[in-house]
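Residue numbering for the sequence shown follows my numbering, beginning at 662 and increasing consecutively.
Below is one structure, written out as structure tokens, with a few remarks after it.
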Amino acid sequence: MPLKRGTSKETVSHNIKTETKHGKPRKQAVAIALNQARKSGAKIPKKSDK
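Given below as structure tokens:
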């Protein structure tokens with residue numbers, strides 16, 4: 662099932678739940694959901710490497 666497009670917290674939360682349901686680790690699911698939100702126009706900064 663494709664992920665929902667959008668930038669709201671509800672949409673990101675739904676995408677995280679969808680990915681974890683399909684067997685992805687939690688951190689990877691969060692990264693995928695935030696990336697999808699960024700593609701939809703959300704102004705979420707990328708994590709900087711230290």
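Glycine included, each C-beta is placed from N, C-alpha and C at the ideal position.
What you are looking at is a predicted structure, and each value in this text was computed from that prediction instead of being measured.
Which word fits Ile-705, buried or exposed, when buried means at least 16 other C-beta atoms lie within 10 angstroms of its C-beta? The residue is exposed, with fewer than 16 neighbouring Cβ atoms inside 10 Å.
Sub-8 Å separation of Ala-703 and Thr-668 beta-carbons: Yes, the pair counts as a contact, with Cβ atoms nearer than the cut-off.
Locate the alpha helix (DSSP H) running through Thr-672, then write down its first and last residues. In the DSSP annotation of this structure, the continuous segment of the alpha helix (DSSP H) that includes Thr-672 starts and ends at 670 to 682.
Cβ-Cβ separation, Ile-677 to Ala-690 (assumed contact under 8 Å), whole Å: Indeed they touch by this definition, with Cβ atoms about 5 Å apart.
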